[in-house]
Structure formats: C-alpha cells, structure tokens
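Here the sequence shown stands for residues -24 to -1, 1 to 424, where the numbers follow mature numbering (1 follows the signal peptide of the UniProt record, and there is no 0).
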Amino acid sequence: MKTIWKQSLLAAMSLVVPLSESLAGTADFTVQYQNYNAAGPNDDIIEAGIQLRNNTGAAIPLSGVVVRYWFTKNGATPTPACWWWNAPDCSAISLTSGSVSATGADQYVEIRFNGAAGSLAAGATTAPIDLGITFGGVAVNETDDYSYGNQTTAANWSRITVHDAGSAPTGGLRGGTPPTGGTTPPPSVSAEFFDDFTYNSTADAAFTNLWTVRTYAGGPGVGGATWSAGNVSMVSEGSNRLMRLQASTNGSAAGTSHSEVISRAQKFKFGTYATRIKFRDAPLSGPRVYGDKYVETFFALTPYNSASYSEQDYEYLPNGGWGQGNTSTMFLTSFDKNKAASPERKLSYSHDGWHTLVLHASPSGNIYHIDGVELANHTSQFAPLINQFLDFQMWFIELGTTNGTPRTYFEEVDWVYFAKDTYLNTNAVNATVTSLRNASVPRKDTVP
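In structure tokens:
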C-alpha cells in the first residue's frame, strides 16, 4: 500500500494528441497487476496495484479510457476506494461500479481518469494505482474472482481490462480479456424525456416548444443585471451540436448579463435526471477576474413561490464564492427555502471539462452522482413534493468591480435526459443516450 499514482508522473507524459486520431485497438494497453493483499484472500478487502502501459506509437489521453476490475461480491456490499497514503485524495481519478452476470464476476469497479491525468506517452507505463475494495467487515472469497491473482510483484495481467470511456461493461475493449457472460439489463423505462440540442438556433420551433429562454428581470444574482436571450446559442464541436450559456460583465451591475434556459413543462418529479455538461474555468473572452464569483448550473426546481418548494442543484463556482475564497467548488445542494437549513456537499476542486451528472430523486431523498460516482445523499425531507422544471443557468453572485475590462464566462450542454420513476446508473444513462443517437432521435418526450 505504499505505491501510489504520483502527480509528478504527469511530467513524463505527452500532453498532445490529435483529437481526430483514432487510437482504438484491443491491444492498445497492457495492465500490470500485483496483489497487495495476497496473504488475505478470504478477508474483507481486495487491494490491487494496477499500472497501464501504452503499447501504441502515439500518446493517449487517459480521460478517454477506463480500467475495470471484475469480482464477485459474495452477498456483501462492496465499497471501492483509491488509496493515497500520506498524499491528497485521488484528484485525477474517480471510481464507479456496475453489475454483470459473467464467469467469475457479478460486479466490476471502474477506474476513471479526468483531464488532470493528462496523456500516457507511447510506450510509457503509469505509476501504480492502489485500488481498494472493502466489504464492510464481511469476509469474502477472492480466489473465485475473475480479476484475482496471487502475484506479489507486478506482472502482465489480462484479467483486468481497459475500455473506451462510456462503453458497455465488456465493450470498447482497449486491452486485456473481459469475462464472458452478459450484463445485468437496466430497468425498463416507461416514460422519458431527451433532448440532444441539435438545433440551428434557439428560434427553432422545436426548441421553443420545449424550452423558454429567460428575459425577465430579478434574482438570483447581481441586482440590476439583465437576463439576455442573446446569451444562449447553439454551437458546434466537430460534428456535434451543443447548447451554450454565457454570462458577461464589465465589473458593473449595469454591464452584467445572465442566462437561463428552463423547460416549458413542469412535470419532472421522481426518477433519473441526467445531463452531459462542459463546465468552463477559463472565460470565452476577456480576462479571468477572480473577483467575479459566478455560477454554472444544472438543476430541477418548483416555482419559487410554491408552498411545496424543492430544488436539487449542481452549482459549479469556478472562481469560488459562498465562503470558498477563490477555490473552484462544486456545490451539490437540496435546497428548500421553506426549511431552516438545506443539506449540501462542497467539492473544492476544479470541474473544468466534460462531466455526466446523474441525479436520483425518489421519495427516499436525492442522490447526486458525477461521472458515475455517488457524491451526496440527502434525506427524504428534501425529496420533491410536486412536479418540477428542468433548468440551466449562468449568473454572477458578485463582481470584480475594480476591473472594467469586458469578459464573458460560459458553459456548454451536450444533452439532457429524464427517466420517470426509474433509477438508471450512469452507464445505463450513457447507453440509453447512445441508443437514441444511433437511432437518429434528436429529442423525445413521453413524460405525461
């Protein structure tokens, strides 16, 4: 448990690879594995040292791949963790898990990399990642796990696999040999809402049938600022279309504008809320002024004057704010203006780049996920009481008033999805969206 993924490793990685270059190959990576806990195959922890070697002739962005460790839970409840001994938490790595029905595996843990992990140079090998999976004190038999090996020094190991990020559990293979067998099918969805934001502009009738772009004055945000329809546009990223929200300022309230896009329908209550969104730390134009405390958001809410008010927020503050100084912070909040206090989780690090947000709202409460990892769980007293709207916003909490240079901040949205009364994990959401896109379905609404 002494070897860890070092941030200094990034200096040895090439950070440039053409985004259009196809690197997909089933032998692009080799996994090297050692069992840090080989002496305890029947205890309550799996501990695997995992390294990746790039077998290709080009650098590969690690954010484009995932690593999967396959095992049987033996009736226990597994909890994965990335262990960083005497070091900060795994800021470049996140973990999620999924269910399968395969030889030697009914579960897998997936290691994901964010943009901070950089790219792995041709022929290079990462430092070890110390993956731990605990079972709440329940002893399990590891020896029948597909990915288990008893080697105490690092060796090539094909039973821990590498895949394209976002792929089906055994799909998108980039290295190793996955177990045979099927995956546990996701729950069936009886009613769903999907928008791929493939519009030419916000004036398209198909857009205005589903969404309203705000132009009326008022909160939240800096008093005297406007809410401008011109701050919402449709843009291209390669062949993909995105919805862009902007917020601009010159340091004065009169020179400040916000943006909001809200669903026309108030019909979303219990189920899975999801979106793929690109949070941005750097401005679209002008300087980054840390005195500008602004919010990039996706959330669901009721009308503000409702006696049954509810709101579930993903609120990202790239320049800090709300007591966070200048530290980039994500707030996961179940807000109820009618209660004395609302639960929140603060993630005090950058979320710059693409992320998949998945919220489960049920009578039991609200569970917040980012990129497949559960990060907040709020109790039933903050569950929605009535139907809600879907909402995206960009707005300023406060301004850097000493800098008069105009600047514009922004976020971009790839798609949004809702499954009524059904709880899909992130892999199932991604698979559903991929299926809709493959069927050339730009939008769908069967939610009554």
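Note that CB positions come from ideal geometry on N, CA and C, so glycine has one too. As the structure is a prediction and not an experimental result, all values here were calculated from the model.
Limits of the unbroken alpha helix (DSSP H) element including Thr384: That residue, Thr384, is in no alpha helix (DSSP H); its beta strand (DSSP E) goes Arg383 to Lys396.
Measuring CB atoms only, is the segment 206 to 214 touching the segment 353 to 362, in the sense that at least three cross pairs come out at less than 8 angstroms? No, the segment 206 to 214 is not in contact with the segment 353 to 362.
Report the rounded CA-to-CA distance for Gly113 versus Asp20, giving the unit in angstroms. Going from the Cα of Gly113 to the Cα of Asp20 covers about 5 angstroms.
What are the partner residues of His345, as DSSP defines its beta bridges? Note: His345 sits in a beta bridge opposite Val334 and Glu350.
Taking the straight line between their C-alpha atoms, what separation do you get for Arg88 and Cys58? Cα to Cα, the separation comes out at about 11 angstroms.
Cβ separation of Asp328 and Asp257, assumed to be a contact under 8 angstroms, to the nearest whole Å: With a Cβ gap of about 4 angstroms, Asp328 and Asp257 count as contacting.
For Gly74, the residue or residues it bridges with in DSSP: Residue pairing by DSSP puts Gly74 in a beta bridge opposite Tyr84.
Taking just the CA atoms, how far does Ile36 sit from Ser95? Roughly 5 angstroms between the two C-alpha positions.
In chain order, what are the residue ranges of uninterrupted beta strand (DSSP E) at least 3 long that sit wholly in the segment 284 to 324? As far as the segment 284 to 324 is concerned, its whole beta strand (DSSP E) runs of at least 3 residues are 287 to 293, 305 to 311 and 320 to 323.
Alpha-carbon spacing of Ala(-13) relative to Trp298, whole angstroms: Reliability of the predicted coordinates at Ala(-13) is poor, the pLDDT of 29 falling under 50, and no value is obtained from them.
Contiguous beta strand (DSSP E) assignments of at least 3 residues, all confined to the segment 13 to 74: Whole beta strand (DSSP E) segments, 3+ residues: 21 to 30, 41 to 47 and 55 to 58.
As an exercise, report each continuous beta strand (DSSP E) stretch of at least 3 residues that is fully enclosed by the segment 208 to 275, in chain order. Annotation note: the segment 208 to 275 contains the following uninterrupted beta strand (DSSP E) runs of length 3 or greater, listed N- to C-terminal: 208 to 213, 216 to 225, 233 to 239 and 247 to 255.
Looking at the secondary structure, which residues open and close the beta strand (DSSP E) in which Val138 lies? Thr137 to Asp140 is the extent of the beta strand (DSSP E) around Val138.
Gly376 and Val265 look like a contact to me (Cβ under 8 angstroms); what is the Cβ gap, rounded to whole Å? Contact flag correct, Cβ pair sits at about 4 angstroms.
What do you get for Asn342, buried or exposed, if any count of 16 or more other CB atoms within 10 angstroms of its CB means buried? Buried: at least 16 other Cβ atoms inside 10 Å.
Who does Arg419 pair with in a DSSP beta bridge? Answer is Asp171.
Which one or two residues does DSSP pair with Leu149 in a beta bridge? Note: Leu149 sits in a beta bridge opposite His139.
Start-to-end residues for the alpha helix (DSSP H) that takes in Phe183: First-last of the alpha helix (DSSP H) with Phe183: Ala181 to Leu186.
Cβ neighbour criterion (16 or more within 10 Å) applied to Leu315: Residue 315 is actually Lys in this sequence, not Leu. With fewer than 16 other Cβ atoms within 10 Å, it is exposed.
Secondary structure of Ser164, DSSP reduced to three states: Correct three-state label for Ser164: coil.
For Arg321 and Leu335, what's the separation of their Cα atoms in angstroms? If you draw a straight line from the Cα of Arg321 to the Cα of Leu335, it comes to about 14 angstroms.
Tell me whether Leu412 sits in a helix, a strand or coil according to DSSP, three-state version. Correct three-state label for Leu412: helix.
Under the three-state DSSP convention, the category Ser(-17) falls into: Confidence is the limiting factor: at Ser(-17) the pLDDT is only 28, short of 50, which leaves the residue's position unreliable and the question unanswerable from this model.
Report yes if the C-beta distance between Tyr45 and Ser123 is below 9 angstroms; otherwise report no. Yes; because the gap between Cβ atoms is below 9 angstroms, this pair is in contact.
Three Cβ pairs or more, each shorter than 8 angstroms: is that satisfied between the segment 391 to 401 and the segment 244 to 262? Contact between the segment 391 to 401 and the segment 244 to 262 is present, because at least three Cβ pairs lie under 8 angstroms.
Work out the CA separation of Gly296 and Arg240 for me, nearest whole Å. Note on geometry: alpha-carbon atoms of Arg240 and Gly296 lie some 31 angstroms from one another.
Sorted by chain position, which residues of the same chain lie with C-beta nearer than 6 angstroms to Asp171's C-beta, five sequence neighbours on each side aside? Cβ within range, chain order: Val392 and Arg419.
Beta-carbon proximity list for Tyr175, same chain, < 6 angstroms, skipping 5 on both sides: Excluding sequence positions up to five before and after Tyr175, its CB lies within less than 6 angstroms of the CB of Phe183 and Met210, all in the same chain and listed in chain order.
The beta strand (DSSP E) with Ile373 in it runs from where to where? From DSSP, the beta strand (DSSP E) with Ile373 extends over Phe365 to Glu374.
What is the DSSP secondary structure of Ser123, reduced to helix, strand or coil? Ser123 carries a coil assignment under DSSP once its states are collapsed to helix, strand and coil.
Assess, as a yes-or-no matter, whether the segment 12 to 29 is touched by the segment 65 to 82 under the definition of 3 or more beta carbon pairs within less than 8 angstroms. Between the segment 65 to 82 and the segment 12 to 29, the count of Cβ pairs shorter than 8 angstroms is below three; the stretches do not touch.
Pairwise C-alpha distance: Thr137 and Thr153: When rounded, the distance between both Cα atoms is 6 angstroms.
Who does Ala131 pair with in a DSSP beta bridge? Ala131 is bridged by DSSP to Tyr9.
Work out the CA separation of Ala68 and residue 433 for me, nearest whole Å. The chain is shown only over -24 to 424; residue 433 falls outside these bounds and no answer can be derived.
CA-to-CA distance, Val409 to Leu186, given in whole angstroms: In this structure, the alpha-carbon of Leu186 lies about 18 angstroms from that of Val409.
Residues of its chain near Thr119, where Cβ-Cβ distance is below 7 angstroms and the 5 sequence neighbours each way are ignored: Excluding sequence neighbours, Thr119 sits near Pro17.
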